[in-house]
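Visitor: My numbering puts the sequence shown at residues 1 to 249. This is the structure, below, for whatever I ask next.
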Amino acid sequence: DPDALFADVDAVAVALPPAVQAGLAARAAEAGCHLLLDKPVATAVVDARRVVEAAERSGVSSVVFFTLRYDPLPAGWIAEQAAAGGWCTAHADWLAPLFGDAAEPSPFAASHWRREKGALWDVGPHALSVLLPVLGDVTGPGAVRAVRGPGDTVQLVLRHAEGATSTVTLSLTAPPAAAGAGAELRGEHGVTALPEGSIGPVAAFARAVDALLASAGTGAPHPCDVRFGLRVTELLAAAEQDLEAAEGR
Numbered sequence: 001d002p003d004a005l006f007a008d009v010d011a012v013a014v015a016l017p018p019a020v021q022a023g024l025a026a027r028a029a030e031a032g033c034h035l036l037l038d039k040p041v042a043t044a045v046v047d048a049r050r051v052v053e054a055a056e057r058s059g060v061s062s063v064v065f066f067t068l069r070y071d072p073l074p075a076g077w078i079a080e081q082a083a084a085g086g087w088c089t090a091h092a093d094w095l096a097p098l099f100g101d102a103a104e105p106s107p108f109a110a111s112h113w114r115r116e117k118g119a120l121w122d123v124g125p126h127a128l129s130v131l132l133p134v135l136g137d138v139t140g141p142g143a144v145r146a147v148r149g150p151g152d153t154v155q156l157v158l159r160h161a162e163g164a165t166s167t168v169t170l171s172l173t174a175p176p177a178a179a180g181a182g183a184e185l186r187g188e189h190g191v192t193a194l195p196e197g198s199i200g201p202v203a204a205f206a207r208a209v210d211a212l213l214a215s216a217g218t219g220a221p222h223p224c225d226v227r228f229g230l231r232v233t234e235l236l237a238a239a240e241q242d243l244e245a246a247e248g249r
């Protein structure tokens, strides 16, 4: 019984398909549990907003596990570039051979929600977690555009609030030789690229736990809390709507 569990603990970590995670997270927050959630918080804006509202009513802390934000080397780079400012454009690629004829063996290949929702929702959050803190929010009419490519490939064009633009290419059906993840910024300071992770996902998760403990102890919100998670869901939902509109759906 999840509710009995929530009544007995101070914090919960949830790593389930987003359609399941959001409902459980809202119930846990209502019960007064601090939250450590997987990305995306939800694939429906209404569900992500419900989690935020529950967390705000209960006053609990939250952390969403955007892996690179808890890895010291890329996280430090993101903070440095955000402080430097002056970036006019950026590009991010998150390409993996998870599905398709040339798919490589992976435990994630059995994930039904990833197969259904595709790269937009699986790796899109990673790209946004890098670009948004550096270039700012994405706002205004037509600020999110999306087109489909081969397989589940999606390309986004984003206009950020302070005038910068960015493009994002996402795929879970990329050929193995084309696979990889990265981001590059261009601006007043020249060109700089996101460094590779310096620790593995298990160590990064441990740092996310530490971040939640710190937030719960001080009351200070973490930059990657459920509010940020909601914003990521809103932007990906806008991209999904743009794709559907182009396809007449």
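Just so you know, even glycine gets a beta-carbon here, dropped at the ideal spot from N, CA and C.
Sort out for me which residues DSSP pairs glutamine 81 with in a bridge.
Guide: DSSP lists no partner for glutamine 81.
Visitor: For the candidate residues Gly76, Glu247, Val60, Ala7, whose alpha-carbon lies nearest to that of serine 198?
Guide: Among Gly76, Glu247, Val60, Ala7, the Cα nearest to that of serine 198 belongs to Gly76.
Visitor: Tell me the DSSP secondary structure of threonine 43 in three-state form.
Guide: DSSP places threonine 43 in coil when its eight states are reduced to three.
Visitor: Would you list, in sequence order, the uninterrupted beta strand (DSSP E) runs of no fewer than 3 residues that lie entirely inside the region 147-210?
Guide: Fully enclosed beta strand (DSSP E) runs of 3 or longer: 154-159, 165-171, 180-187, 190-193.
Visitor: Threshold first: 3 residues or longer. Then list the beta strand (DSSP E) segments lying entirely within the region 50-113, N to C.
Guide: Counting whole runs of 3 or more residues, the region 50-113 contains the beta strand (DSSP E) stretches 62-65, 87-95.
Visitor: Starting from valine 144, follow its DSSP beta bridges and name the residues at the other end.
Guide: Paired residues: Leu158.
Visitor: Output the boundary residues of the beta strand (DSSP E) element that contains valine 130.
Guide: That residue, valine 130, is in no beta strand (DSSP E); its alpha helix (DSSP H) goes 124-135.
Visitor: Within its chain, find whatever has a CB closer than 6 angstroms to the CB of alanine 82; leave out the 5 residues flanking it on each side and keep chain order.
Guide: Contacts found: Pro133, Val134.
Visitor: Tell me whether the region 181-191 and the region 97-114 touch, counting them as touching only if at least three CB pairs, one residue from each stretch, are closer than 8 angstroms.
Guide: They do not touch, by the three-pair rule.
Visitor: With a threshold of 6 angstroms, establish whether the CB of glutamate 244 neighbours any heavy atom of the ligand ADP.
Guide: This structure simply doesn't include the ligand ADP, nor any ligand for that matter.
Visitor: Considering only the alpha carbon of each residue, which of Ala181, Val138, Ala177 lies closest to threonine 233?
Guide: Among Ala181, Val138, Ala177, the Cα nearest to that of threonine 233 belongs to Val138.
Visitor: Taking DSSP's pairing of strands, which residues face leucine 35 in a bridge?
Guide: Its beta-bridge partners are Val12, Ser62.
Visitor: Can you tell me whether alanine 28 is buried or exposed, with buried defined as 16 or more other CB within 10 angstroms of its CB?
Guide: Result: buried.
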